[in-house]
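The listed protein sequences derive, respectively, from chains A and B.
Note that my numbering gives residue 37 to position 37 of the first sequence, counting from 1, and the numbers run on in steps of one.
Note that my numbering gives residue 1169 to position 169 of the second sequence, counting from 1, and the numbers run on in steps of one.
The beta carbon of each residue, even a glycine, is placed where N, CA and C say it ideally should be.
Contents: one structure, followed by commentary.
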Amino acid sequence: MSKTAIAMSVNGQKVEALAEPRMLLIHFLRETLDLTGPHIGCDTGHCGACTVDLDGQSVKSCMVFAVQAEGAEVTTIEGVTQPDGSLHAIQEAFREHHGLQCGYCTPGMITRAYRLLQENPNPSEAEIRYGISGNLCRCTGYQNIVKSIQAAAASLTSVSEAAE
Amino acid sequence: MNEQAPIASERADKLQGLGCARKRVEDARFTQGKGNYVDDIKLKGMLFGDFVRSPYGHARIKSINKEAALAVPGVLAVITAEDLIPLNLHYMPTLAGDVQAVLAHEKVLFQNQEVAFVVAEDRYAAADGVELVEVDYEDLPVVVDAFKAMDADAPLLREDIKDKTEGAHGPRKHHNHIFYWDAGDAEGTDAALSSAEVVAEEFITYQRVHPCPLETCGCVASMDKVNGKLTVWGTFQAPHAVRTVASLISNIPEHNIRIVSPDIGGGFGNKVGVYPGYICSIVASIVTGKPVKWIEDRIENLTSTAFARDYHMTGKIAATKEGKITGLWCHVLADHGAFDACADPTKFPAGFFNICTGSYDIPVAYVGVDGVYTNKAPGGVAYRCSFRVTEASYFIERMIDVLARKLDMDPAELRMKNFIAKEQFPYTSALGWEYDSGDYHTAMTQAMESVDYKALRAEQAEQRAAFARGETRSLMGIGLAFFTEIVGAGPVKNCDILGLGMFDSCEIRVHPTGSAIARLGTISQGQGHATTFAQILATEIGLPADNITVEEGDTDTAPYGLGTYGSRSTPVAGAATAMAGRKIRAKAQMIAAYLLEVHDDDLEWEVDRFQVKGNPERFKTMAELAFAAYNQAIPGLEPGLEAVSYYDPPNMTYPFGAYVCVLDIDVDTGVSTVRRFYALDDCGTRINPMVIEGQVHGGLTEALAIAMGQEIRYDEIGNVQGGSLMDFYLPTAVETPHWETDHTVTPSPHHPIGAKGVGESPNVGGVSAFSNAVVDAFAHLGLTHSQMPHDHWRVWSEAEKLGLHDQ
């Protein structure tokens, strides 16, 4: 099948590559760009392991063709980590509060939480649970994920208040 | 003379050893997307394999035409059973003593069975090839109801073994029969039942479910034709066993096979077995000379690799009028699907189902299990439980509630009345197990007090009265479960898989500067072994856990072990770790004696050092001793500081716990809302409370899923239902309640550090607690049992049958 040239920004870097029009964004990220942080858990849009940030929205990258991301700003878990290599508050909180076990849902979960806390910097527990309900986890029972996101929200809020 | 050292307790805290809620060392890579799972592996020239699968549950294959598929650009090969026959690889041995078709030969026996393997340059081309393989089928009558599998006129499923009257576990009494296995005293149990004052009976099904880890199964096989070495990276819960099996069936010498389990995205029993995808990838790599990757998609995962449960249990329980249990009888019809691929120790075709007397002092019992073939996927794995323990626990915990209802007795009181007493341990059960330790009355009492059980029952009575008056449409259910598990398989004298004894191992190398690497025969799939095994070792050898690397999963470097499942890692490999640590310490003691110029016996161990008895200012720390091991010529001692232990456990361990579920059911919609869930676990010595709590949360969530919604069903013509996450229930954060955890500590007397294992307890105990709560909500209306899963429709249907919608 013939390939199409696409260009997008991924984790702040300009990317130009060829892709079959039918290639899913998750395969483009993982196999063409070697960004293996986002995972594939279901291929049907249910599990959220492939969640990335696309133009300021959380999307399941197995539900998007790479060509649809033409010109977009994409952030994967690799881009949630600060450019200097330091961890984002959400990443710190997941470690601190045992918000992960096998780690397979974690990149999608953190990338979702990263967007959630921009949409709603002070979410209630119910809002967090609803906000991550597109991301399945088979290990943690979510309790410590919720705790991690609450802790990250508190720490990000205190940082932004301090900055004001 | 050494400097003034911090006091012992401060030094112990710095080690982050046993009992410390140490943060996990795995998390740095996982939180940054830097894990290394099998699908992340990319090798030069790597090809992709994908399966053509059967659309039929039972059909004869009349022809397979590969031509159109081979014409697809990028498709290199299409492998069928005909290609595997010359290699004698069209069938492979299963863990249960049966054989399983690698690629369907002559006929297919379940929907989505593997028929052909397409190998292509990328995954899209492979998928295109799969679409174009033409298979001509002639459909055959199917067997989907296990109860009809042994009818006289039932279709013959396994033509390949039709003349075998003797199976791996004794005689077969029908062409679709696999085995009959029993335990206990049949006559004595009959006598107890026939003379009993009260007998309660129930038919209890534990439906077919699937472990469904978030990462599916997969592998990358790479045959290096220059040096003759085969390397396979894959989602293997038992990498060493896979190496041995691969060697036996391929005739590649075992030293020329390297199996690597990289990071694994959850296993829960799904990744214990050997699947056709592994064999086909290996063959394809040998044929093409290139690495071949095979990753199953979710639908393939749910419909072809390793279902769990599917046990249909008929029970009778005898008791006195006062509620003293006098006997237990059980017959199980076990649906094993098309091939017997159960993952059980060889001598236990029904796993440890004979733990089904549970936590109770039952004087006589008998259990018999018939395994049958049906047109369903093979498997029968231990989904987050030791072998068939969750089925057994569900059976007895439901039977106790059924009996309580019959006796009109509170189910908590009935349990308390029949618990094995603390002083009876070690306790030999009527079905032959020796329970190592327990204190059930204390745990149950703590649980009852923590939830204020009496107040809950009073509230329930009030609510029932209000319901009767028409003031509410909600009913409250209180579910109790008191489970005893049997984990840590197991003693080599009676536990093996394919002849391989179920010991496990740890090898430690202490480096000159006081750090170390420990390698084990197990493999973490999220349990956090790299964190917790380092803690065991920190306490044993006095080096900080942060200075100890734990490595698993590479058969070229790790000592031989049987892997991680059945909560065996801590009971077996954890014991090996402690024992290897003690060997390190014993040698360090000799080095210390030389350096301090005293006799070995004049030294005592304290946290991180050997000190002279009565003169603690004279000491050598483990770090100093490690350095000395590499730079001193000590008479009579070899240089270096290394040890290996292969640990054959003297017994299993028996974790237990008391769970309470409180839920509210809207009788008009069938929706259950879990109001409260309390879980008290006793896993013996606690290594890392944070990790234990996480394991309990996760296991309870799996139990919620099983009890309330999961089922892999088949329709009457063998179409699998529930084969994608659209209809196979995995709870989200919204449906998952808050979990309350608690514990008691009753160490195992035979384990070096007293630990019992915990990862599976919440699944084993949780399912019964949820199910008992649903039935309890309707118990006052005469309901004694309801089949799982208790989804909204089924719960609504129970309410309908009870006439609750007529009011």
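Might you give, ordered along the chain, the residues of its own chain that have their beta carbon closer than 7 Å to the beta carbon of K1801 (chain B), omitting 5 neighbours on each side? To locate residue 1801 (chain B), count along the second sequence from 1; it is residue 801. Taken in chain order, the list of residues that qualify is empty.
For N1615 (chain B), the first and last residue of its enclosing beta strand (DSSP E): One-based indexing of the second sequence puts residue 1615 (chain B) at position 615. N1615 (chain B) -> beta strand (DSSP E) spans N1615 to T1621.
Between the Cα of Q118 (chain A) and the Cα atoms of A:N135, A:S58, A:S86 and A:N144, which residue gives the shortest distance? One-based indexing of the first sequence puts residue 118 (chain A) at position 118. Taking only the C-alpha atoms, the option nearest Q118 (chain A) is A:S58.
Does the distance between the C-beta of E1215 (chain B) and the nearest non-hydrogen atom of the ligand ADP fall short of 6 Å? As for the ligand ADP, it is missing from this structure, which has no ligand bound.
Here's the rule: buried if 16 or more other CB atoms are within 10 angstroms of the residue's CB, otherwise exposed. What is R1469 (chain B)? Taking the second sequence and counting its residues from 1, one reaches residue 1469 (chain B) at position 469. Looking at its Cβ environment, which holds fewer than 16 other Cβ atoms inside 10 Å, R1469 (chain B) is exposed.
Could you name the residues of chain A that Q1525 (chain B) contacts, counting a contact when the two beta carbons are closer than 8 Å? For the purposes of this step, residue 1525 (chain B) is taken as the residue at position 525 of the second sequence. The answer, in chain order, is C102.
By DSSP, does T1675 (chain B) sit in helix, in strand, or in coil? Along the second sequence, one-based indexing puts residue 1675 (chain B) at 675. Rather than Thr, the amino acid found at residue 1675 (chain B) in this sequence is Arg. Correct three-state label for R1675 (chain B): strand.
Quick check on S1786 (chain B): does DSSP put it in helix, strand or coil? For the purposes of this step, residue 1786 (chain B) is taken as residue 786 along the second sequence, with counting starting at 1. In the three-state scheme derived from DSSP, where H, G and I count as helix and E and B as strand, S1786 (chain B) is classed as coil.
Closest Cα partner of A1707 (chain B) within the set B:Q1695, B:I1692 and B:E1735: Locating residue 1707 (chain B) in the second sequence gives position 707, counting from the first residue. Checked all of B:Q1695, B:I1692 and B:E1735; the closest Cα to A1707 (chain B) is B:E1735.
Report the CB separation of G45 (chain A) from M63 (chain A) in whole angstroms; it is logged as a contact under 8 Å. Indexing the first sequence from 1 puts residue 45 (chain A) at position 45. Indexing the first sequence from 1 puts residue 63 (chain A) at position 63. Indeed, because the Cβ distance is near 5 Å, the residues count as touching under 8 Å.
Is it true that the segment 1308-1323 of chain B meets the segment 1200-1214 of chain B, where meeting means three or more beta-carbon pairs spaced less than 8 Å apart? yes
Own chain, CB closer than 6 Å to Q101 (chain A), minus 5 neighbours either side, in chain order: Sequence index remark: in the first sequence, residue 101 (chain A) carries index 101 (1-based). Taken in chain order, the residues that qualify are C139 and T140.
Can you say whether L1109 (chain B) is buried or exposed, counting buried as having 16 or more other CB atoms within 10 angstroms of its CB? In the second sequence, the residue the question calls residue 1109 (chain B) occupies position 109. Per the 10 Å Cβ criterion, buried.
Proximal residues of chain A, C-beta to C-beta of C1212 (chain B) below 8 Å: Counting from one through the second sequence, the residue named residue 1212 (chain B) turns up at place 212. Ordered by position in chain A, the residues that pass the 8 Å Cβ test against C1212 (chain B) are R138.
How many Å lie between C105 (chain A) and T1080 (chain B) at the Cα? Looking up residue 105 (chain A) in the first sequence gives position 105. Looking up residue 1080 (chain B) in the second sequence gives position 80. Cα to Cα, C105 (chain A) sits roughly 35 Å from T1080 (chain B).
Could you spell out the range, first to last residue, of the alpha helix (DSSP H) harbouring I1541 (chain B)? To locate residue 1541 (chain B), count along the second sequence from 1; it is residue 541. Looking at the DSSP string, the run of the alpha helix (DSSP H) that includes I1541 (chain B) is H1529 to I1541.
Quick one: complete beta strand (DSSP E) runs, 3+ long, within the segment 30-84 of chain A? 51-54, 57-60 and 73-75
Which of helix, strand or coil DSSP assigns to R1148 (chain B): One-based indexing of the second sequence puts residue 1148 (chain B) at position 148. Reading the sequence as shown, one finds Lys at residue 1148 (chain B) and not Arg. Helix at K1148 (chain B).
Taking A1120 (chain B) and F1048 (chain B) to be in contact with their CB atoms under 8 Å, please state how far apart those CB atoms are, rounded to whole angstroms. Along the second sequence, read from residue 1 onward, the residue named residue 1120 (chain B) stands at position 120. Along the second sequence, read from residue 1 onward, the residue named residue 1048 (chain B) stands at position 48. With 8 Å as the limit, A1120 (chain B) and F1048 (chain B) qualify as a contact, their Cβ atoms being about 6 Å apart.
Report yes if the CB atom of A1586 (chain B) is closer than 7 Å to the CB atom of H1751 (chain B), and no otherwise. One-based indexing of the second sequence puts residue 1586 (chain B) at position 586. One-based indexing of the second sequence puts residue 1751 (chain B) at position 751. In this structure, H1751 (chain B) does not lie closer than 7 Å to A1586 (chain B) by Cβ.
So what does DSSP say about P1363 (chain B), is it helix, strand or coil? Taking the first residue of the second sequence as position 1, residue 1363 (chain B) is located at position 363. Coil.
For A72 (chain A) versus M23 (chain A), is the C-beta distance shorter than 7 Å? As a first step, residue 72 (chain A) is located in the first sequence; it is residue number 72 there, counting from the start. As a first step, residue 23 (chain A) is located in the first sequence; it is residue number 23 there, counting from the start. No, the pair does not count as a contact, with Cβ atoms beyond the cut-off.
Only counting the same chain, and skipping five residues up and downstream in sequence, which positions put a Cβ closer than 6 Å to that of I1753 (chain B)? Start at 1 with the first residue of the second sequence, and residue 1753 (chain B) comes out as number 753. A1578 and T1685.
Using DSSP with H/G/I as helix, E/B as strand and the rest coil, what is V1743 (chain B)? Indexing the second sequence from 1 puts residue 1743 (chain B) at position 743. A small correction: the amino acid at residue 1743 (chain B) is His; Val does not occupy that position in the sequence shown. DSSP places H1743 (chain B) within a strand segment (E or B) once states are collapsed to three.
Under 9 Å from the C-beta of N1791 (chain B): neighbouring residues of chain A: The count along the second sequence starts at 1 and reaches residue 1791 (chain B) at position 791. Checking the displayed sequence, the identity of residue 1791 (chain B) turns out to be Asp instead of Asn. Around D1791 (chain B), no beta-carbon contact reaches into chain A at under 9 Å, the shortest distance being about 17 Å.
Based on DSSP bridge pairs, tell me the residues matched to V1072 (chain B). Translated into positions along the second sequence, residue 1072 (chain B) becomes position 72. Answer is none; V1072 (chain B) lacks a bridge partner.
Would you mind telling me which residues of chain B sit closer than 7 Å to Q143 (chain A), beta carbon to beta carbon, in chain order? Counting from 1 along the first sequence, the entry for residue 143 (chain A) is found at position 143. Per Cβ cutoff of 7 Å: H1697, H1738 and W1739.
Pop quiz: S158 (chain A) and A93 (chain A) are said to be a contact at Cβ under 8 Å. What is the actual Cβ separation, rounded to whole angstroms? As a position in the first sequence, residue 158 (chain A) is number 158, starting the count at 1. As a position in the first sequence, residue 93 (chain A) is number 93, starting the count at 1. Not quite, the Cβ-Cβ distance comes to about 13 Å (not below 8 Å), so this is no contact.
Partners in chain B for E20 (chain A), counting only beta-carbon separations shorter than 8 Å: For this step, residue 20 (chain A) is matched to residue 20 along the first sequence. Going along chain B in sequence order, the residues near E20 (chain A) (Cβ under 8 Å) are Y1124.
For H1510 (chain B), the nearest candidate out of B:D1122, B:A1518 and B:H1805 (CA to CA): By 1-based counting over the second sequence, the position of residue 1510 (chain B) is 510. In the sequence as displayed, the identity of residue 1510 (chain B) is Val instead of His. That would be B:A1518, whose Cα lies nearest to the Cα of V1510 (chain B).
Would you kindly report the start and end of the unbroken beta strand (DSSP E) that includes L1520 (chain B)? Position 520 of the second sequence, counted from the first residue, corresponds to residue 1520 (chain B). That run of the beta strand (DSSP E) goes A1516 to L1520.
May I have the straight-line CA-CA distance separating G1234 (chain B) from A1116 (chain B), to the nearest angstrom? Taking the first residue of the second sequence as 1, we reach residue 1234 (chain B) at position 234. Taking the first residue of the second sequence as 1, we reach residue 1116 (chain B) at position 116. Taking the straight line from one Cα to the other gives about 21 Å.
Beta-bridge partners of L1500 (chain B), as assigned by DSSP: The sequence position of residue 1500 (chain B) within the second sequence is 500, counting from 1. L1500 (chain B) is bridged to B:I1497.
To test your reading of the DSSP string, which unbroken alpha helix (DSSP H) runs of 4 or more residues are found completely within the segment 1668-1729 of chain B? 1689-1708
Check each candidate in A:N11, A:I149 and A:K14 and name the one with the smallest Cα separation from Y114 (chain A). Indexing the first sequence from 1 puts residue 114 (chain A) at position 114. For Y114 (chain A), the nearest C-alpha among the options comes from A:I149.
For T1216 (chain B), which of helix, strand or coil comes out of DSSP? Residue 1216 (chain B) sits at position 216 when you count from the first residue of the second sequence. If DSSP states are grouped into helix, strand and coil, T1216 (chain B) belongs with coil.
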